[in-house]
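Down below is the structure, laid out as structure tokens.
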Amino acid sequence: MSLLTANKVTKRFGGLEALSKVDIELKDQAIQSIIGPNGAGKTTFFNCVTGFYNPDEGDLILDGQLINGLSPDKVTRMGVARTYQNIRLFKNMTAVENILMGMTPHLKSGFLGGIFRTPATMREEQAALEEARRLLQYVGLAGRGDLMAKNLAYGDQRRLEIARALASKPKVLLLDEPTAGMNPSETQATTVLIGRLRDELGITILLIEHQMRVVMGISELITVLDYGAKIAEGPPSEIQKNPRVIEAYLGRGSENGGEAASQAAGQPSSAA
Amino acid sequence: MTEKQSSLWKTAISVGLVVGGISLLLSLVGMVAAFNERDIITGAFTMGQLLLFSPLIVGGYAALLRSQEKSLVRGLFGGVLTGFFGGLVLTALLVIGQQADLRLMFPNASPELYSIISFGVEPPLSYVVPLIYGAIFGIIGAGLELLPTRVRSAVLTASLWVIVLGLFRDMFFLIPVLTRPGPITTIFRWIFGPSGLSVPAAIILFVTVFGINFWRFGRPKPDTPRRGFSEQNRTVRWIVIAIASVILLLLPQVLGIFFTEVLDNVGIYLIMALGLNIVVGYAGLLDLGYVAFFAIGAYTMGVLTSPELGFFNLNFWAALPFALLATTLSGVILGLPVLRMRGDYLAIVTLGFGEIVRILALSEWLRPYIGGTQGIQQIAIPVSDYILEILNTQALFYYLILAGCLVVGFIAWRLKDSRLGRSWIALREDEDVAQAMGLNTVTTKLLAFATGATFAGLSGAIFASKLNSAYPHSFDLMVSIFVLCIIIIGGMGSIPGAILGSFFLIGLPELLRGFSEFRLLVVGAVMVAMMLIKPEGLWPEERRRLELHEGESEPAEVVEEEFAPVGSSPD
Amino acid sequence: MLRNWRQRVSLTDVIVWAIGVVLAAGVIYGTIVTLRAEIYAGRTWIDLTITGLALGGVYALIALGYTLVYGILKMINFAHGEVFMSGPFTAVFLAIYLDNIGFLNTHPIISLLMITILSATVATTIAVLLERIAYKPLRGAPRLVPLITAIGASFFLQYTFRGLYGSGIKAYPEIDVLQGSWEIAGISIVKTQAVSIVGAVLMMLVIWGISRFTRVGKAMRAVSEDQEVSALMGIDVDRTIMNTFALGGAAAGVAGILYVLLFPIVNFFMGFIPGLKAFTAAVLGGIGNPIGAFLGAMVLGLIEAIGPSLFLTGLGIPAPYQLKDALAFVILVLILIFRPTGILGERISRTKA
Chain A
182 MSLLTANKVT KRFGGLEALS KVDIELKDQA IQSIIGPNGA GKTTFFNCVT
232 GFYNPDEGDL ILDGQLINGL SPDKVTRMGV ARTYQNIRLF KNMTAVENIL
282 MGMTPHLKSG FLGGIFRTPA TMREEQAALE EARRLLQYVG LAGRGDLMAK
332 NLAYGDQRRL EIARALASKP KVLLLDEPTA GMNPSETQAT TVLIGRLRDE
382 LGITILLIEH QMRVVMGISE LITVLDYGAK IAEGPPSEIQ KNPRVIEAYL
432 GRGSENGGEA ASQAAGQPSS AA
Chain B
32 MTEKQSSLWK TAISVGLVVG GISLLLSLVG MVAAFNERDI ITGAFTMGQL
82 LLFSPLIVGG YAALLRSQEK SLVRGLFGGV LTGFFGGLVL TALLVIGQQA
132 DLRLMFPNAS PELYSIISFG VEPPLSYVVP LIYGAIFGII GAGLELLPTR
182 VRSAVLTASL WVIVLGLFRD MFFLIPVLTR PGPITTIFRW IFGPSGLSVP
232 AAIILFVTVF GINFWRFGRP KPDTPRRGFS EQNRTVRWIV IAIASVILLL
282 LPQVLGIFFT EVLDNVGIYL IMALGLNIVV GYAGLLDLGY VAFFAIGAYT
332 MGVLTSPELG FFNLNFWAAL PFALLATTLS GVILGLPVLR MRGDYLAIVT
382 LGFGEIVRIL ALSEWLRPYI GGTQGIQQIA IPVSDYILEI LNTQALFYYL
432 ILAGCLVVGF IAWRLKDSRL GRSWIALRED EDVAQAMGLN TVTTKLLAFA
482 TGATFAGLSG AIFASKLNSA YPHSFDLMVS IFVLCIIIIG GMGSIPGAIL
532 GSFFLIGLPE LLRGFSEFRL LVVGAVMVAM MLIKPEGLWP EERRRLELHE
582 GESEPAEVVE EEFAPVGSSP D
Chain C
972 MLRNWRQRVS LTDVIVWAIG VVLAAGVIYG TIVTLRAEIY AGRTWIDLTI
1022 TGLALGGVYA LIALGYTLVY GILKMINFAH GEVFMSGPFT AVFLAIYLDN
1072 IGFLNTHPII SLLMITILSA TVATTIAVLL ERIAYKPLRG APRLVPLITA
1122 IGASFFLQYT FRGLYGSGIK AYPEIDVLQG SWEIAGISIV KTQAVSIVGA
1172 VLMMLVIWGI SRFTRVGKAM RAVSEDQEVS ALMGIDVDRT IMNTFALGGA
1222 AAGVAGILYV LLFPIVNFFM GFIPGLKAFT AAVLGGIGNP IGAFLGAMVL
1272 GLIEAIGPSL FLTGLGIPAP YQLKDALAFV ILVLILIFRP TGILGERISR
1322 TKA
């Protein structure tokens, strides 16, 4: 059963076609990845799904409902959450406050509740705080809740972003390069966490990643984009050997590409 | 000349000319002459002179700071040089002023000004005078720089106390207890001369403050209130609140008519400041047309209660909800189209709206409804004649405004820590991501905007009632700017900051009456200075201070782990 | 399909479009009524048009200052109106002096040139001082901060000039040779308006020339496009920014003299409203875009001159000229709501996520 379907999604910026008739099917409770050289359109795709961009052509269907053109807040309320390539936490808010913001779709207290501190409001706030601390603990940030987000270590910031995304109780979680800039042990921990998200919480995961070890290790299905178009799709074993994929990465000559391609081909990369 | 010497000369000359230029500017703008009426120390030292000389002192200080001269002799020499060149600028004014009547272009270049600058000495001897005192003040400035920090800080603080108390002398004598003869009055008359501090009192004050400051320098400061009261101090907090309430309630009796009036004005602006605080401080929406809501509140109250226009004839309390409703509605109507714009555009659009409202209020077109340039007269006051026998009108409005401040302050305070307050901060931090959290940005912004508007409407309604009338001239851009300035000076988003800012910006000029000509000049300069030096305001909230001093983040504190996370530790 | 459409368009958009439609309808209705009733003769419309062009020329030069600074620093120089004021308010003393010694009327062209140069110099100085003292230290700060500084600087300048030259108004002396009108192709054009229009066009050509052909101008365009790359190319960004302010100031100074040809009265407050209108013009045309500034200014000038007579009279509003300033603000508001990028579109990129 497909939870999220992208049907011939196209997005243009001026004369440039950033996404070209892309078809992707994200199965319920699956962990899938989108890979491709820099500029292939992966983050653009995420932006289309979450409502930041409006696709020029094509459809995006979540759980049977069309979500093109919905504003980001509505998309989130329908059960989609994401993290960002460049970490976009609320820097001058504490970790707990960031997570509380993530819970927005589920918090109901409003203007009057805030002023009069009604029992209902207080109860909701209390429950929310407990839930926030629980989420912190779940991602391994227990005790750091009252630190300003900008004062957290880099790896912790990435984990906080995930916790914040979890706070909205999403059905689908879009992770944009969650292990970027991490050392091998952090990467491993994050990979484990991603697995737990699906196994323990039943969240469907769509991943953008450059680190091939992660991608090949965890994905059930990989979609490869290049210059905005889908050039391959399949399980890791197939993608690793797909000549078009290797060519796309090698042909680019990017450091990422070179390493990625050699990883994909199963050889130890020189920059171990 | 050695390298170092020539650079000292260069710095001294350039700084000297600049500060001389500042003195010149202060003179030509008229501040020196206007402030010369005020003595700081009776018979010895006027405010005008202070204005004239301080740039020279600052020049000496700055030149030394810049050239990093450490040697005493050379340092003092640098001071002399700087002051000399500063004085040279003033001398130039005297020379030119002697040859030609500059008043055609600079109305303030009068003989009176020249006499102040030259200490009453006649030309041509007068030309030398600025050079002499320039050198003297330059040395003083240089000396200040060379002093050890402890001494310098004490000197500056003591001087500040003398200046402030000398300036505010007139105010003390407006307190009712001092208007009648008695022992207290006699003491005060000794402390203050006919104008400013008396000489002996000034000396005693200076020495005392110097001593206290010198002794206390470097000792650890007690926790300032802005860190918030801890749980243990709860009872203390309630006691403080109780005492403060009693004081606030009794103030009108103690302070007399003049001060109560000042407090009233402070209060009116405070209500608005608390509202704009929410719009700008919490939600980060720069509204430059805030006065429009003030006007709508005032005019609605006017239209509904004035027998002159005769449309309706409600009393104050019946009309108030409608005034508030009208303002809230206009906040929503204005907000809807406007809130999706970027910061600077939002500012200009709201400014445009404010102006549109003012022009409409003035217009011929709407005169039959709202009075045109004459405005509306005979607006109702809050109570019946019966109660007027007990309280006089002035005290009445004081309590009304006080109540307004408390209500509004309470709402602002509660909102800050609520979910809505959090949403506003997130919105300000990163609007796109806030929206991605599921926040309806339009609604959230509208709530801030409408709340701010309603507060302004309340203030406007009370204002109109207090003045018994509403004229379009009261509702111009300056009001918006003043309110903005209040929260900037106090600290955007900070409630104590708004209170502080209101007192500074509205209370202070009232107390320094007679200088109203220069009020906006000073306000403008202060705004620029604040942004350059302390953009987070004088009493900021912690978060804001951190925001505005990016890159100076504190290291992550070591926090105890609450409990070991189960199964989620890395590796 | 219908559902799709409904999800994209919110209540806000509907209300906003409704307001826009109502306003447009009002304008059209008023225009029709006025024209049908033939309240004004054909000649009046020509006069008003020429006035509009003259106004537009002045606004264009001031607007250039706003747009150039915005293009390079992405900030609105709120104090630019005061830069505009400083020129003519200072030069008026020269004008009065020249008039007193009779030079003004014997050598009108040289006099005018001298006055204009003084005005431009003062304005440029103020603009550069503003940049060095108030804006330069704040280059990295969050957007709100320089905006507030600009507002503060605006008031400071206003009241400083008030203190310096007095709070009264001063009048520029009349130049005899520029009294009356010229007959060109059967149309009667007021002389001062003609000179103003010609002056504006000349100055704009000069600025265009500088921007296009000189190193300084090219540097300005480069830094507007991409500050980092320009620095890497060896362009002194700091100096270029200063030059931008200077050029904007010079344009404003010249605009000041053209303005007093039309309205020979100066006082310390004269910069505020024209400044705001020029800013409206810049935004109307697309801020950051100099050609847009010109276009927007012309449109604004024409609407201001012709508008009140054209549609406000038709709507039965008494004393419509009182509201001409309001018209400019209404346009500002409408543009920012409906087409914030302006007629020609901004030259700024926006990135997301």
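Residue numbers (my numbering), protein chains in the order written: chain A, 182 to 453; chain B, 32 to 602; chain C, 972 to 1324. Even for Gly, the Cβ is constructed at its ideal location relative to N, Cα and C. A quick note: this is a predicted structure, and the numbers were derived from the prediction, not measured.
Contact residues of the segment 1158–1176 of chain C toward chain B are absent (C-beta to C-beta distance below 8 Å). A straight-line Cα-Cα distance of about 18 Å links P1235 (chain C) and V1054 (chain C). Within 10 angstroms of the beta-carbon of Y400 (chain B) lie fewer than 16 other beta-carbons, which makes it exposed. Within a 10 Å sphere around the beta-carbon of E460 (chain B) sit 16 or more other beta-carbons, which makes this residue buried. Neighbours of G383 (chain B) in chain C, taken as residues at a C-beta separation under 7 Å, are given in chain order as F1300, L1303, V1304. Sequence-distant partners of K497 (chain B) (beyond 5 residues in either direction) whose C-beta falls short of 6 Å from its own C-beta, in its chain, are F428. By the beta-carbon neighbour count (other beta carbons within 10 angstroms, threshold 16), G195 (chain A) is exposed. Judged by their CB atoms, I205 (chain A) and E390 (chain A) are not nearer to each other than the 8 Å cut-off. CA-CA distance, L356 (chain B) to T485 (chain B), rounds to 8 Å.
In the three-state scheme derived from DSSP, where H, G and I count as helix and E and B as strand, T1284 (chain C) is classed as coil. Here the alpha carbon of F1282 (chain C) sits roughly 16 Å from the alpha carbon of G991 (chain C). Collapsing the DSSP output to three states places S1152 (chain C) in a strand.
The Cβ of I379 (chain B) sits closer than 8 Å to at least one Cβ of chain C. Close to F549 (chain B), with beta-carbon spacing below 8 Å, are these residues of chain C in chain order: Y1130, G1134. Relative to A1222 (chain C), the option among C:T1095, C:T1015, C:L1044, C:R1192 whose CA is nearest is C:T1095. Looking at the backbone, the Cα of F1265 (chain C) and that of G1256 (chain C) are separated by about 7 Å. Nearest to F84 (chain B) by alpha-carbon distance, out of B:T475, B:L56, B:L477, is B:L56.
Contact annotation: in the segment 323–346 of chain B, no residue has its CB less than 8 Å from a CB in chain A.
Residue environment analysis places T266 (chain B) among the exposed positions, since fewer than 16 neighbouring C-beta atoms fall within 10 angstroms of its C-beta. Distance from the CA atom of E381 (chain A) to the CA atom of L374 (chain A), rounded to whole angstroms, is 10 Å. Here the C-alpha atom of L1247 (chain C) lies approximately 13 Å from the C-alpha atom of I387 (chain B).
Shown in chain order are the members of the segment 45–65 of chain B whose Cβ falls below 8 Å from a Cβ of chain C: L56, L59, V60, G61, M62. For G239 (chain A), there is no enclosing alpha helix (DSSP H); the enclosing beta strand (DSSP E) has its first and last residue at 238–243. Residues of the segment 64–87 of chain B that bring their beta carbon within less than 9 Å of a beta carbon in chain C are absent altogether. Secondary structure note for D407 (chain A): it is in no alpha helix (DSSP H), and the uninterrupted beta strand (DSSP E) holding it is 402–407. When rounded, the separation of the alpha-carbon atoms in M1056 (chain C) and G1287 (chain C) is 35 Å. Taking 9 Å as the Cβ-Cβ cut-off, the segment 1098–1112 of chain C approaches chain B at I1104, A1105, P1108, L1109, G1111, A1112, given in chain order. The three-state secondary structure of E414 (chain A), taken from DSSP, is strand.
Chain-order list of chain A residues neighbouring N471 (chain B): D254, by C-beta distance under 7 Å. For K272 (chain A), the nearest beta carbon of chain B is closer than 8 Å to its own beta carbon.
Looking at the DSSP output, M558 (chain B) sits in no beta bridge, so it has no partner there. Around P300 (chain A), no beta-carbon contact reaches into chain B at under 7 Å, the shortest distance being about 14 Å.
Inside the segment 75–158 of chain B, DSSP marks whole alpha helix (DSSP H) runs of 4 or more residues at positions 78–98, 103–130, 142–148, from first to last along the chain. Membership of R263 (chain A) in the beta strand (DSSP E) is indicated by the continuous run 261–263. Under the Cβ distance rule, V554 (chain B) counts among the residues neighbouring chain C, one pair being separated by less than 8 Å. Neighbours of G374 (chain B) across chain C, judged by C-beta separation under 8 Å: R1114, L1115, L1118.
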